[in-house]
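Worksheet for the structure shown next.
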């Protein structure tokens, strides 16, 4: 079968798919067993780099937290691309929107919780001298 015939057959197959159905071919970076192995290798390397950054003096000490944040974001990117197959293709619009909505909800819960905990002292009644004596 020629290259043109295989492309035509692939296009016919794509027309027969459900909306949002994603087909990852073996030729894509994240496709097939080689894509999973590449993602696994990158995840292992990023994990090792995180442990090295945290437990050694290879990185300037005040910059360790920044390095860990960068490595964590890279780790999330590897997982999204290689294991969840989240790409920027037109078929992934709903997946990207669902991910963005999930991130928004988690951010609202975390920021709201931190805001509430930071302002708890404002709503606390002042402690009397008798109560202060009873404290251990």
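Numbering (the UniProt record's numbering), first residue to last: 1 to 136.
Where is the CB? At the ideal position from N, CA and C, for every residue including glycine.
Computed from a predicted structure; not experimentally measured.
Alpha carbon of residue i to alpha carbon of residue j, nearest angstrom
{"i": "residue 102", "j": "residue 55", "result": "32 Å"}
{"i": "residue 89", "j": "residue 96", "result": "10 Å"}
{"i": "residue 117", "j": "residue 109", "result": "12 Å"}
{"i": "residue 132", "j": "residue 66", "result": "41 Å"}
{"i": "residue 122", "j": "residue 104", "result": "28 Å"}
{"i": "residue 111", "j": "residue 119", "result": "12 Å"}
Supposed close pair residue i, residue j - CB separation, criterion 8 Å
{"i": "residue 153", "j": "residue 75", "result": "In the structure as shown, the chain starts at 1 and stops at 136, and residue 153 therefore has no counterpart that could be examined."}
{"i": "residue 69", "j": "residue 53", "result": "Contact flag wrong, Cβ pair sits at about 10 Å."}
{"i": "residue 92", "j": "residue 86", "result": "6 Å"}
is_contact[residue i, chain B] using C-beta, thresh 9 Å
{"i": "residue 42", "result": "Protein chain content of the structure displayed is limited to a single chain, and chain B is not contained in it."}
Of the listed residues the options, nearest to residue i (C-alpha basis)
{"i": "residue 37", "options": "81, 51 and 71", "result": "81"}
{"i": "residue 39", "options": "78, 127 and 59", "result": "78"}
{"i": "residue 45", "options": "96, 58 and 72", "result": "72"}
Own chain residues within Cβ distance below 6 Å of residue i, not counting five before or after
{"i": "residue 124", "result": "none"}
Close beta carbons around residue i, own chain, < 7 Å, minus the five adjacent residues each side
{"i": "residue 83", "result": "39"}
{"i": "residue 50", "result": "68 and 71"}
{"i": "residue 136", "result": "none"}
{"i": "residue 107", "result": "none"}
Sequence-distant residues of the same chain with beta carbon closer than 8 Å to residue i, five excluded per side
{"i": "residue 47", "result": "75"}
{"i": "residue 58", "result": "52"}
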